[in-house]
Amino acid sequence: FQTVLKILFSDKPYNYDVVVVGGGIVGCAAARQLKISNPNLNIALLEKEKHLATHQSGNNSGVLHAGIYYVPGSLKAKLCVRGIDLAYKYFDEHNILYKRIGKLIVAVEPEEVPRLENLFQRAQKNNCKMIQLIDGSEIKKYAPHCKGLKAIWSPYTGIVDWGLVTRSFAGDFEKKGGMVYTDYSVDNLCFLGESPLSGKPNEFPYLITCAGLQSDRVARLSGCQTLPKIVPFRGEYLLLKSHKRYLAETNIYPVPDSRFPFLGVHFTPRMDGNVWLGPNAVLAYKREGYKYTDISFNDLYDSLTFRGMHKLMWKFLGYGLKEMYRGIFIGAQVKQLQRYVPELTVADVTRGPAGVRAQAMDGEGNLIEDFVFDGGYGSLGSRVLHVRNAPSPGATSSLAIAEMIGEKAAEKFDIKHRTL
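Counting in full-length UniProt numbering, the sequence shown runs from 1 upward without gaps.
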């Protein structure tokens, strides 16, 4: 009985020392870092779609976050602050276009001002760079059409095309001798010696998964616990019409309210010149469903029969109905946006794209706020490492997350002795 994992994903006769599952930005960054740290290892990256960055990594706001929002001492706080530095350095070294356009977090109501001030203190504890607390009159310097009582100004915040960055990471990995396989899905994991369910297995000792919207399902293949569970939430954006893009030339964000599960609407300029407005947050009927008509009965059943989802729905029933209403009626979404830019009108916007967030949730309906890594249990525990939760700021943090994955792999996996 040999303790070598096998994955039933193809009939190609390749053997590797380490396989990384997931061709999003975290998976590609992790594979790249592993190859840099262990140039003698044979490493493969597997992606179930035909193209890399098909889902969260290619359908997001494109923001480089400075680390303001996150609980001091959390993985999100630490890895975001380090990750944005690493990202800017990488972009400069690889000639990847980005814009450091900054971000305003704006208090528009008196009751939001104390929360904003507390958020500023949190950002200072997180060692966020270049942040300032400014009054309402100074807001106009950075966003002439925005109004507010007070704001946090973060000039270090930027924008980039994260899909392009993902493909650049994968290109680095391949140049160093790594192999990328697209259109390959994971069906089963077992020890060598067990009967395969189907197909011809590939054999390898160590596995790292960064499976995003499928992360809980892939982790369960190796016997990991079912929680945290991934529940997909679709965020629907509006677009500013081209002649109105001057209304938002920097990121304009709300002050977060801990009473509600999601951040709220914001203005996000994009690298292609568009300005995204939103999003709302509604349950997706399919884990990778970007429209109301995208339905998977298996995925929907999975979400609706989950105890944690029941608790979340009852706790935030009114909030959820409002989010659905804003998704149907553009005017309701615009009304929220007018709190920050009063001159915005319904005539200034059109319907835009959507993204799906892999939201990790516990059995009590609490959203998991921090990054989660799972090393597995039992005999497989020393051979697998799962990234169970890496939502925003996962892209900003990706190079720092990759460093952590590399460190954990060095601790868990017996790979130092391997040579070409």
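Heads up, the beta-carbon is just placed ideally off N, CA and C, and yes, glycines get one too.
Nearest residue (CA-CA) to VAL255, options ASP92, GLY148, VAL275: Along the sequence shown, one-based indexing puts residue 255 at 255. The candidate whose alpha carbon is nearest that of VAL255 is GLY148.
SER382, DSSP secondary structure in three states: One-based indexing of the sequence shown puts residue 382 at position 382. Of the three classes helix, strand and coil, the one that applies to SER382 here is coil, per DSSP.
Outcome for TRP276 when other beta-carbon atoms lying within 10 angstroms are tallied against a minimum of 16: By 1-based counting over the sequence shown, the position of residue 276 is 276. TRP276 counts as buried, since no fewer than 16 other beta carbons sit within 10 angstroms of its beta carbon.
Stretch-stretch touch, CB-based, cutoff 8 Å, three pairs: the segment 178-190 with the segment 75-95: Because the criterion of three Cβ pairs below 8 Å is not met, the segment 178-190 and the segment 75-95 do not touch.
Cβ distance (whole Å) where CYS210 is taken to contact VAL21 below 8 Å: In the sequence shown, the residue the question calls residue 210 occupies position 210. In the sequence shown, the residue the question calls residue 21 occupies position 21. Cβ-Cβ separation between CYS210 and VAL21: approximately 7 Å, consistent with a contact (criterion under 8 Å).
For VAL26, the first and last residue of its enclosing alpha helix (DSSP H): Reading the sequence shown from its first residue, position 26 is the one you call residue 26. Element bounds for VAL26: 25-37.
Straight-line Cα distance separating LYS244 from LYS408: Indexing the sequence shown from 1 puts residue 408 at position 408. Indexing the sequence shown from 1 puts residue 244 at position 244. Their Cα atoms are separated by approximately 48 Å.
Own chain, CB closer than 6 Å to ARG287, minus 5 neighbours either side, in chain order: Looking up residue 287 in the sequence shown gives position 287. The beta carbon of ARG287 lies closer than 6 Å to those of LEU213, PRO232, ASP299 in the same chain, with the five residues before and after it left out.
Inside the segment 331-417 only - beta strand (DSSP E) runs reaching at least 3 residues: Those beta strand (DSSP E) runs which fall completely within the segment 331-417 and span 3+ residues are 349-361, 372-374, 384-389.
CA-to-CA distance, PRO391 to TYR319, given in whole angstroms: Working through the sequence shown from its first residue, we reach residue 319 at position 319. Working through the sequence shown from its first residue, we reach residue 391 at position 391. About 21 Å.
Buried/exposed call for HIS55, threshold 16 Cβ in 10 Å: Your numbering for residue 55 matches position 55 in the sequence shown. HIS55 is buried by the Cβ-count criterion.
Alpha-carbon spacing of LYS315 relative to MET404, whole angstroms: Locating residue 315 in the sequence shown gives position 315, counting from the first residue. Locating residue 404 in the sequence shown gives position 404, counting from the first residue. Spanning the two alpha carbons is a distance of roughly 35 Å.
Classification of ASN40 by the beta-carbon crowding that lies within 10 angstroms, buried from 16 upward: Here residue 40 refers to the residue found at position 40 of the sequence shown. When all chains shown are included, ASN40 counts as exposed.
Residue from GLY273, LEU116, ILE131 whose Cα sits closest to the Cα of ILE159: Within the sequence shown, residue 159 is the residue found at index 159, counting from 1. For the residues GLY273, LEU116, ILE131, the minimum Cα distance to ILE159 belongs to GLY273.
At least 3 beta-carbon pairs within less than 8 Å: the segment 213-228 vs the segment 248-263: No, because fewer than three Cβ pairs between the segment 213-228 and the segment 248-263 fall closer than 8 Å, the two stretches do not touch.
Of the residues VAL113, VAL63, ILE330, the one placed nearest TYR98, counting alpha carbons only: Here residue 98 corresponds to residue number 98 of the sequence shown, with the count starting at 1. Each of VAL113, VAL63, ILE330 was checked against the Cα of TYR98, and the nearest Cα belongs to VAL63.
When ARG167, MET130, LEU207 are compared against ASN15, the one with the closest alpha-carbon: Looking up residue 15 in the sequence shown gives position 15. When each option's Cα is compared against that of ASN15, the closest is LEU207.
Nearest-angstrom Cα separation, counted from ILE368 out to ASP362: Reading the sequence shown from its first residue, position 362 is the one you call residue 362. Reading the sequence shown from its first residue, position 368 is the one you call residue 368. In this structure, the CA atom of ASP362 is about 7 Å from the CA atom of ILE368.
Other residues of its chain near TYR290: CB distance less than 6 Å, five sequence neighbours each side excluded: In the sequence shown, counting from the first residue as 1, residue 290 sits at position 290. Non-local beta-carbon contacts of TYR290 in its own chain, meaning distances under 6 Å to residues more than five positions away in sequence, involve ALA354 in chain order.
Spatial distance of GLY136 from PHE267 (CA atoms): Counting from one through the sequence shown, the residue named residue 136 turns up at place 136. Counting from one through the sequence shown, the residue named residue 267 turns up at place 267. Near 18 Å, if we compare the C-alpha coordinates of PHE267 and GLY136.
Between the CA atoms of ALA31 and PHE173 - distance to the nearest angstrom: The residue you call residue 173 lines up with position 173 of the sequence shown. The residue you call residue 31 lines up with position 31 of the sequence shown. Take the alpha-carbon of PHE173 and the one of ALA31: they are about 7 Å apart.
Whole-angstrom C-beta distance between LEU52 and GLY23, which should lie under 8 Å: Here the question's residue 23 lines up with position 23 in the sequence shown. Here the question's residue 52 lines up with position 52 in the sequence shown. With a Cβ gap of about 4 Å, GLY23 and LEU52 count as contacting.
When PRO393, LYS412, ALA395, LEU399 are compared against residue 489, the one with the closest alpha-carbon: Limits of the chain in this structure are 1 at one end and 420 at the other, which puts residue 489 out of reach.
Range covered by the beta strand (DSSP E) that runs through ILE159: The sequence position of residue 159 within the sequence shown is 159, counting from 1. Unbroken beta strand (DSSP E) run through ILE159: 158-160.
Residue environment, ASP414, which counts as buried when at least 16 other CB atoms sit within 10 Å: For the purposes of this step, residue 414 is taken as residue 414 along the sequence shown, with counting starting at 1. Exposed, by the Cβ-count rule.
Where the beta strand (DSSP E) through ASN298 begins and ends: In the sequence shown, residue 298 corresponds to position 298, counting from 1. Careful: ASN298 lies outside any beta strand (DSSP E), inside the alpha helix (DSSP H) at 297-304.
Own chain residues within Cβ distance below 6 Å of LEU46, not counting five before or after: For the purposes of this step, residue 46 is taken as the residue at position 46 of the sequence shown. Excluding residues within five positions, the ones whose Cβ falls inside 6 Å are VAL21, TYR181, TYR184.
C-alpha distance - THR3 paired with LEU189, whole-angstrom precision: For this step, residue 3 is matched to residue 3 along the sequence shown. For this step, residue 189 is matched to residue 189 along the sequence shown. The predicted model places THR3 with a pLDDT of 44, which falls under 50 and marks its position as unreliable; any figure quoted below should be read in that light. Computed Cα separation, rounded: 12 Å.
Neighbourhood of GLU343 by C-beta distance below 8 Å, restricted to the same chain and skipping five residues each side: For the purposes of this step, residue 343 is taken as residue 343 along the sequence shown, with counting starting at 1. Same-chain partners within the cutoff: HIS145, LEU247.
Beta strand (DSSP E) segments (min. 3 residues) lying fully within the segment 92-149: 103-107, 132-135, all fully within the segment 92-149.
Nonlocal neighbours in the same chain, by C-beta distance under 7 Å from ALA29, ignoring five residues either side: Position 29 of the sequence shown, counted from the start, is the residue given in the question as residue 29. Apart from sequence neighbours up to five positions away, the residues of its chain that approach ALA29 with a beta-carbon distance below 7 Å are PHE169, SER398, LEU399, ILE401, ALA402, ordered along the chain.
Simplified DSSP assignment, three categories, for PHE169: Taking the first residue of the sequence shown as position 1, residue 169 is located at position 169. If DSSP states are grouped into helix, strand and coil, PHE169 belongs with the helices.
6 Å Cβ shell around ALA44 - same chain, five flanking residues per side excluded: Within the sequence shown, residue 44 is the residue found at index 44, counting from 1. Hits under 6 Å: TYR16, VAL19, MET179.
Proximity to MET130 [Cα-Cα], best of ILE101, ARG115, SER57, ILE25: Taking the first residue of the sequence shown as position 1, residue 130 is located at position 130. In terms of Cα proximity to MET130, the closest of ILE101, ARG115, SER57, ILE25 is ILE101.
Reference PHE306; option with closest CA among ALA143, THR166, GLU364, LEU238: In the sequence shown, counting from the first residue as 1, residue 306 sits at position 306. Distances from the CA of PHE306 to each of ALA143, THR166, GLU364, LEU238 were compared; the closest alpha carbon is that of GLU364.
Cβ pair CYS128, THR396 closer than 8 Å: Reading the sequence shown from its first residue, position 128 is the one you call residue 128. Reading the sequence shown from its first residue, position 396 is the one you call residue 396. Pairing CYS128 with THR396 gives a Cβ-Cβ distance that is not under 8 Å.
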